[in-house]
Amino acid sequence: MGDGWGGDLKSLGSKRKNASCLVMSAQAEAPEQMKVLVVGGGGREHAICWALKRSPSCSQVFCAPGNAGIAAAKDADCLPNLNITDGMAVIKFCQSEGVGLVVVGPEAPLVAGLVDDLTSEGIPAFGPTSAAATLEGSKAFMKNLCDKYDIPTAAYETFTDPDAAKKYIQSLGAPIVVKADGLAAGKGVVVARTVQEAIDAVDDILSGGKFGSAGGQIVVEEFLEGEEASFFALVDGETALPLMSAQDHKPVGDGDTGPNTGGMGAYSPAPVVTPQMQDDVMRTIIEPTVRGMAAEGCKFVGVLYAGLMIDPKTGVPKLLEYNVRFGDPECQALMMRMKSDLAQVLLKASQGKLSTVQGLEWRDEAALCVVLATEGYPGSFQKGSEIRGLEEAVEGLADTKVFHAGTALNEEGQLVSAGGRVLGVTALGKDVREAQAKAYKAVDRIDWPEGFCRRDIGWRAIERTQE
């Protein structure tokens, strides 16, 4: 049970307290072909652009702001000067270009209310409203929803007072988990192995302001043993449609060691998520969440990304956290496997018509994505180092793609790093082992001394097939 509940989910919700949570449906059926705008500029957005480009119902893909790699690959027409934090500017662009669907990739514009702005003007948008995006924007909101609607998750308490949080930690002992309540770019979670480590995390987040306003409140929860998995479902407010399973590697080092990152690699399918478990997750976690949000007058439209912990003894999944968009780098693996017309499916979700979709088509092969990051990530790092050999990296390797997450062109026109996670080298194979071999073959052809990657992406799946 979380403190400060009071039975009212809405009090924990969006900054736009008077905004409706209902996403407006498109005024008419989809045209045979439409233009789509993807908002964002990372590896997830590159993968979405690439999949949309292959969609029969998509005539043109825009990406704002996009990045150098997306533009160079011609996977979208990038709009680096379109201010995605200015809802009116995005609306004017969509109206002038006749955009038929906007797909919002990152969490920040969702929480800020870009979908609210678009749908208020009748522009179909795939993603939750600001209030519904609070499922990711506030961990306390998510935990309280779970508490109210009997969704299995770790026991927890929420705190704004550092002394009260420390007292609670000392009473429970370690290991224990401390989370910043708000958005922290995937870095606001500390899995503390000792009481002192947990107390230090409280000081960093609540007292030290490490995550700014995102750390004004914390969630302290029990540590769950087991194997993590990522579960994705498309939601139209009432109907939820599961996607293929995936699993990512959050820690920076081989063997899942070191600090957590935004994700150092991923693969799909995840053998730990059996067909029976998929049914269980839909029944006990996803569907109660969809019903609960609707019951609170806050229908959810978009991608529900459930971070799961699978109990090693019972096999029972519990919800660690929700994200309200495709995962990165899981999206790269999923998009490589998708055969369905992505543009049409996302439009139907925005229209509340997922029930008319008979099912999604997927390639049978496994997909694996290896993230190349700048040395120093997830700590401090230098931008601007040149990256060479990307065309040679995929030469002769079928079904292999380099998705760009943080690249730019310098004044000399050279491709350089522009972030922590920079590239997502993704490959298909008959199984995870073959996809892994192809992805690392491409990785080893890339000439970027200032970059690094984990060398064991997919190890859990490979170990499982050897049992």
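Residue 21 is where the sequence shown starts when you use the working numbering, and the numbers rise one by one after that.
Heads up, the beta-carbon is just placed ideally off N, CA and C, and yes, glycines get one too.
Fair warning: this is a prediction, and the values are worked out from it, not measured in the lab.
Its Cα nearest to that of M355, the residue V422 stands out among E245, R480, V422.
By a beta-carbon distance limit of 8 Å, I466 contacts L392. Their separation comes to about 7 Å.
Taking V135 as the centre and dropping the five residues before and after it, the same chain places the C-beta of V43, V124, A145, G147, P148, T149 closer than 7 Å to its C-beta, in chain order.
With 16 or more other Cβ atoms inside 10 Å of its own Cβ, D348 counts as buried.
In this structure, A67 sits away from Q364, with a CB-CB distance that is not shorter than 8 Å. Restricting attention to G257, F401, F113, D361, the CA atom closest to the CA of S79 is found in D361. With a cutoff of 8 Å on beta-carbon distance, A84 and L72 are scored as not near each other. Among the bridge pairs identified by DSSP, Q296 is matched with none. Residue state for M162 is assigned as helix, using DSSP reduced to three classes. N280 is bridged by DSSP to P271. In the DSSP assignment, T446 falls outside any alpha helix (DSSP H) and lies within the beta strand (DSSP E) extending over 441 to 449. Between the C-alpha atoms of E307 and K373 there is a straight-line separation of about 16 Å. With a 10 Å radius around the Cβ and a threshold of 16 neighbouring Cβ atoms, E245 comes out exposed. Per DSSP, reduced to three states, the secondary structure at W382 is strand. Residue burial is scored here from C-beta neighbours: T485 has fewer than 16 other C-beta atoms within 10 angstroms and is therefore classed as exposed.
Remark: C-beta atoms of M297 and W382 do not approach each other more closely than 8 Å. When DSSP reads this structure, F179 sits in a beta bridge with I238. Inclusion of V110 and L138 in the CB contact set at 8 Å is warranted, their separation being smaller than that value. A check of alpha carbon separations from F231 across G62, G208, M313 identifies G208 as the nearest. Beta-bridge partners assigned by DSSP to S437: T427. If only uninterrupted alpha helix (DSSP H) runs of at least 4 residues are considered, those enclosed by the region 448 to 472 are 452 to 465.
In this structure P279 does not touch V222 by the C-beta definition: roughly 17 Å separates them, more than the 8 Å allowed. The alpha-carbon of S116 is positioned some 48 Å away from that of V211. The alpha-carbon separation between M108 and G322 amounts to approximately 21 Å.
Just so you know, the alpha carbons of F320 and R311 end up roughly 9 Å apart. Ranking G61, V81, W70, L203 by CA distance to the CA of K55 puts V81 first.
F251: member of the beta strand (DSSP E) spanning 247 to 256, first to last residue. Rounded to whole angstroms, the Cβ separation of I104 and C98 is 12 Å, and the two are not in contact under 8 Å. According to the DSSP assignment, V110 belongs to the alpha helix (DSSP H) that extends over 107 to 117.
If you draw a 10 Å sphere on the C-beta of P332, you find fewer than 16 other C-beta atoms in it, and that means exposed. Ranked by how close their Cα comes to the Cα of E242, the residues K338, K270, S437, S140 have K338 in first place. In this structure, A428 sits away from R441, with a CB-CB distance that is not shorter than 8 Å. Comparing alpha carbon positions, the residue from K168, E156, V59, T178 closest to F113 is V59. Taking a C-beta distance under 8 Å as the contact criterion, N87 and G118 do not qualify as a contact pair. Inter-residue distance for G409 and A315 is about 53 Å (C-alpha atoms, whole angstroms). The C-beta separation of G236 from D201 comes to about 7 Å, placing the pair in contact by the 8 Å criterion.
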